[in-house]
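Per our numbering: the sequence shown = residues 160 to 297. Note that beta-carbon positions come from the ideal geometry of N, C-alpha and C, so glycine has one too.
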Amino acid sequence: MRKFGVLIFSLFLAAFVLPVFAQGTAETQKRVDLVCMQKAVERRDTAIIAAFDVFSFAIKSALQTRLEELKTAWSIENPTERKKAIKSAWEKYRTVVKSARQTFQGTRKTAWKQFNVDRKACGAAKSDDASSPTADAL
């Protein structure tokens, strides 16, 4: 009698429980459009590279301007005027750097948001991509 109960239980498992697990596994494994993902990565990284080029140019320009303004400031004989000129050069520099950083961060965040939209449209799960939006943050 005990063998009969085990046999019935085994048949129940085979007939009802196992197909449910198999069905759930097949449904959760979507096909990822690989070409779509390649394009999504290319769009994201191209946008970030372009944003970094703009950022880099802005910082280089700010440094060159600061260099010239500080050299000019240090040629001023009057200590009060010299101090004002030095302070002004540093304030201009900080303003440009802050603006360049904000522009870069905004573009970078926009690129990552669009990438997440594209990634989902390609059928890739977040866990399929080991990347992180903070990987290229300044």
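Distance CB(residue i)-CB(residue j) smaller than 8 Å
{"i": "residue 271", "j": "residue 202", "result": "no"}
{"i": "residue 249", "j": "residue 241", "result": "no"}
{"i": "residue 260", "j": "residue 295", "result": "no"}
{"i": "residue 196", "j": "residue 289", "result": "no"}
Pick from the options that is closest to residue i, judged by C-alpha positions
{"i": "residue 265", "options": "284, 247 and 292", "result": "292"}
{"i": "residue 192", "options": "230, 281 and 199", "result": "281"}
{"i": "residue 243", "options": "229, 253, 255 and 219", "result": "229"}
{"i": "residue 252", "options": "237, 226, 289 and 235", "result": "226"}
{"i": "residue 255", "options": "205, 206, 194 and 224", "result": "224"}
{"i": "residue 209", "options": "286, 275 and 269", "result": "269"}
{"i": "residue 257", "options": "214, 287 and 205", "result": "214"}
{"i": "residue 274", "options": "190, 238 and 205", "result": "205"}
{"i": "residue 297", "options": "287, 235, 218 and 237", "result": "218"}
Rounded distance between the beta-carbons of residue j and residue i, thought under 8 Å
{"i": "residue 199", "j": "residue 277", "result": "4 Å"}
{"i": "residue 211", "j": "residue 263", "result": "7 Å"}
DSSP-derived helix/strand/coil call for residue i
{"i": "residue 193", "result": "helix"}
{"i": "residue 298", "result": "The requested residue 298 is not part of the displayed model; the chain covers only 160 to 297."}
{"i": "residue 236", "result": "coil"}
{"i": "residue 221", "result": "helix"}
{"i": "residue 296", "result": "coil"}
{"i": "residue 184", "result": "The predicted model places residue 184 with a pLDDT of 46, which falls under 50 and marks its position as unreliable; any figure quoted below should be read in that light. Here residue 184 sits in helix by DSSP."}
CB contact below 8 Å: residue i versus chain D
{"i": "residue 257", "result": "As a matter of chain content, chain D is missing from the structure shown, which is built from one protein chain."}
* Asked: Can you give, in chain order, each stretch of the alpha helix (DSSP H) that sits fully within the segment 248–292 and has at least 4 residues?
  -> DSSP runs (the alpha helix (DSSP H)) wholly in the segment 248–292: none.
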